[in-house]
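Novice: I have a structure I would like to understand better, so I am pasting it below and will then ask my questions one at a time.
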Amino acid sequence: MDLLVSKGSRFGGFVLLLAGSSCSLVGGSETTNPVLFPEPNVELRLKTIQFEPLHWAFIAPPTSTGRVDELLASPVMRDPEFQEAVDDWIEYWENAARPWFPEFLRRMSIFEEMVDSVLDAKELPTSLRYLPLIESGYNPRARSYASAVGMWQFMPGTAREHGMTVAAFVDERRDPFKSTDAAAEYLSSLYRRFDSWFLALASYNGGPNRAQRILRQNARLEQPSDSLFWALRQHWPRETREFVPKLVGAIIVAKNLESYGYEPPERAPPFRYTAVKVPDATTLDVLAQAAEAEEDEIRWLNPELFRGFTPPGEIYELRVPEGQGEIFTLNYAAIPQGERMTVVEHSVEHGETLSHISVKYGISVRDLQAANPRARPRYLRVGMRLTVPILINR
211 MDLLVSKGSR FGGFVLLLAG SSCSLVGGSE TTNPVLFPEP NVELRLKTIQ
261 FEPLHWAFIA PPTSTGRVDE LLASPVMRDP EFQEAVDDWI EYWENAARPW
311 FPEFLRRMSI FEEMVDSVLD AKELPTSLRY LPLIESGYNP RARSYASAVG
361 MWQFMPGTAR EHGMTVAAFV DERRDPFKST DAAAEYLSSL YRRFDSWFLA
411 LASYNGGPNR AQRILRQNAR LEQPSDSLFW ALRQHWPRET REFVPKLVGA
461 IIVAKNLESY GYEPPERAPP FRYTAVKVPD ATTLDVLAQA AEAEEDEIRW
511 LNPELFRGFT PPGEIYELRV PEGQGEIFTL NYAAIPQGER MTVVEHSVEH
561 GETLSHISVK YGISVRDLQA ANPRARPRYL RVGMRLTVPI LINR
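Just so you know, we're using the numbering used here here: the sequence shown kicks off at 211 and counts up by one.
What follows is the structure, encoded as structure tokens:
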């Protein structure tokens, strides 16, 4: 009798199966009776041992529409070396990331309904909902060392190619709705190009041109596939090579929190808002007053307004707390135009600090910093130009 035996693993255990063959009993005779607790002199000679991780059965169920998650159903998921790579990332998410992983999951609960809806509309794998989890911790304001920004970590050029505004006053990479729409379209286009979710994700991380170059140089005659990505793994930059294992590791831990020592995460209310029109540049504190809301709430609902005011010279669609649209419109119309704001440019002089400049123009240091996110308070250079939002009649 051959046995497929169980084994402890970070994947949560393995299936115990019978394969059928021979089993010899040392010092005893064969019997057809079941033996639950054999005597010590019983020796099992195992000719075939196969391990199958239980978790793969749980992380790739059909969606509510009956579609199979094509990423998690990939045959590469059963490759032992791929599983070892995933195991390393499970250990990371279980241990090193423990201080911040619950907060990542809490933020995910804010946006997951919206993200799932977009992915479903595009018929994309549901597992891609975990991509912002590993990219940014679902933080709309996240910025990488390489200047990728937002939940989905778009570079400026890629963002503009997919219809997002990246400009002096607005950075839509920070907009959770517009960036999610753009990410879904981008991922769809990458999958159409490579016909492989592993290659699509490698391209998302490292760029499609680099992916195409690696394939051309090392596998010109091969059909693109998940298996090809993994076979060529030594040719990818380390971050790209680890990208899919990192994602799968996060999925496994997130779907089995208690198995990895996590309490069920605190769930935040979903992202809800009412859209209103703002006819000209207005600082966020004035907008908050009109909406009868806290300024921090307006900042949270509109993370793309990284300079602290709506762009001048255009009608801007602003998010206010759900149900506050009508009162905002009434209150805003009552604010004289001269009390909304204007923008001036200030050239830093010798000895000036943000505090000096904010006092000079009668604004808060916080608003000055919001309008100039790249200005480092301790390292202002003489001649550096700062954008200063001011209220004319204040």
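Note that the Cβ used here is the ideal one computed from N, Cα and C, for glycine as well.
(1) Any idea which residues DSSP pairs R529 with across the strands?
(2) Determine the closest residue to E507 out of P489, V296 and Y483, with distance taken between C-alpha atoms.
(3) Check the C-beta distance from N541 over to R529 and give it rounded, since I have them as a contact under 8 angstroms.
(4) Does the segment 558-566 touch the segment 583-592, meaning 3 or more C-beta pairs lie closer than 8 angstroms?
(5) So for S435, helix, strand or coil by DSSP?
(6) How far does the alpha helix (DSSP H) with P479 in it extend, from its first residue to its last?
(7) Indicate whether V286 and W446 have their beta-carbon atoms separated by less than 7 angstroms.
(8) Any idea what DSSP makes of S557, helix, strand or coil?
(9) Alpha carbon to alpha carbon, how far is A544 from T597? Give it in angstroms, no decimals.
(10) Taking the alpha carbon of L411 as the point to measure from, which residue in L281, V569, V558 and M594 has its own alpha carbon closest?
(11) My understanding is that L425 touches P434, with C-beta atoms under 8 angstroms, so please give their C-beta distance in whole angstroms.
(12) So, do the segment 513-533 and the segment 483-492 have three or more beta carbon pairs nearer to each other than 8 angstroms?
(13) Work out the CA separation of V558 and G593 for me, nearest whole Å.
(14) Give me, in chain order, the residues of the same chain whose beta-carbon lies closer than 6 angstroms to that of S284; leave out the 5 immediate sequence neighbours on both sides.
(15) Should R591 go down as buried or exposed, given a rule of 16 or more other Cβ atoms within 10 Å for buried?
(16) For I600, does the three-state DSSP call read helix, strand or coil?
(17) Helix, strand or coil for D495 per DSSP?
(18) Which residue wins for smallest C-alpha separation from E333, given the options F311, F364, A394 and L431?
(19) Taking the straight line between their C-alpha atoms, what separation do you get for F261 and A369?
(20) Work out the CA separation of E514 and P455 for me, nearest whole Å.
(21) Which runs of the alpha helix (DSSP H) fall wholly inside the segment 398-437 and span at least 4 residues, in chain order?
(22) Helix, strand or coil for V359, going by three-state DSSP, please let me know.
(23) Would you say L304 and V458 are within 7 angstroms of each other, going by their C-beta atoms?
(24) Could you please give me the residues that DSSP links to D326 through a beta bridge?
(25) Hey, out of F538, K465, P474 and P521, whose CA is closest to A498's CA?
(26) Assess, as a yes-or-no matter, whether the segment 387-407 is touched by the segment 358-368 under the definition of 3 or more beta carbon pairs within less than 8 angstroms.
(27) The alpha helix (DSSP H) with D298 in it runs from where to where?
(28) Could you pull the start and end residues of the alpha helix (DSSP H) that Y571 belongs to?
(29) Under three-state DSSP, which class holds R509?
(30) Among H560, V554 and I461, whose alpha-carbon lies nearest the alpha-carbon of F311?
(31) For R317, name the three-state secondary structure that DSSP assigns.
(32) Using a Cβ-based criterion (distance less than 6 angstroms to any ligand heavy atom), does Y483 qualify as near the ligand ATP?
(33) So what does DSSP say about F516, is it helix, strand or coil?
(34) Please check the pair D279 and S337, which I expect to be a contact at CB under 8 angstroms, by giving their CB distance rounded to whole angstroms.
Specialist: From the atom records:
(1) A485
(2) Taking only the C-alpha atoms, the option nearest E507 is Y483.
(3) Actually they do not touch by this definition, with Cβ atoms about 16 angstroms apart.
(4) The segment 583-592 makes contact with the segment 558-566: 3 or more CB pairs, one atom from each, lie closer than 8 angstroms.
(5) coil
(6) Taken as a continuous stretch (DSSP letters only), P479 belongs to no alpha helix (DSSP H), as it is neither H nor E.
(7) It is not a contact, given that the beta carbons lie outside the stated cut-off.
(8) strand
(9) Across the structure, T597 and A544 are spaced so that their CA atoms are roughly 27 angstroms apart.
(10) When the alpha-carbon of L411 is set against those of L281, V569, V558 and M594, the nearest one is in L281.
(11) Contact holds; Cβ gap of about 7 angstroms.
(12) Enough Cβ pairs lie closer than 8 angstroms, so yes.
(13) Looking at the two C-alpha atoms, the distance is approximately 5 angstroms.
(14) D436
(15) exposed
(16) Note: I600 maps to strand in three-state DSSP.
(17) helix
(18) A394
(19) Because the pLDDT of F261 is 45, which lies under 50, any placement of that residue in the model is unreliable, and the question is left without a value.
(20) If I take the Cα positions, the gap works out to 31 angstroms.
(21) 407-416 and 418-428
(22) strand
(23) Correcting the residue type first, residue 304 is Glu in the shown sequence and not Leu. Contact: no.
(24) Paired residues: none, contrary to the question.
(25) Comparing Cα-Cα distances from A498 to each of F538, K465, P474 and P521, the minimum goes to F538.
(26) yes
(27) P290 to E301
(28) L564 to Y571
(29) helix
(30) I461
(31) helix
(32) Although the ligand ATP was asked about, the structure shown includes no ligands whatsoever.
(33) coil
(34) The pair is a contact, with the Cβ atoms about 5 angstroms apart (cut-off 8 angstroms).
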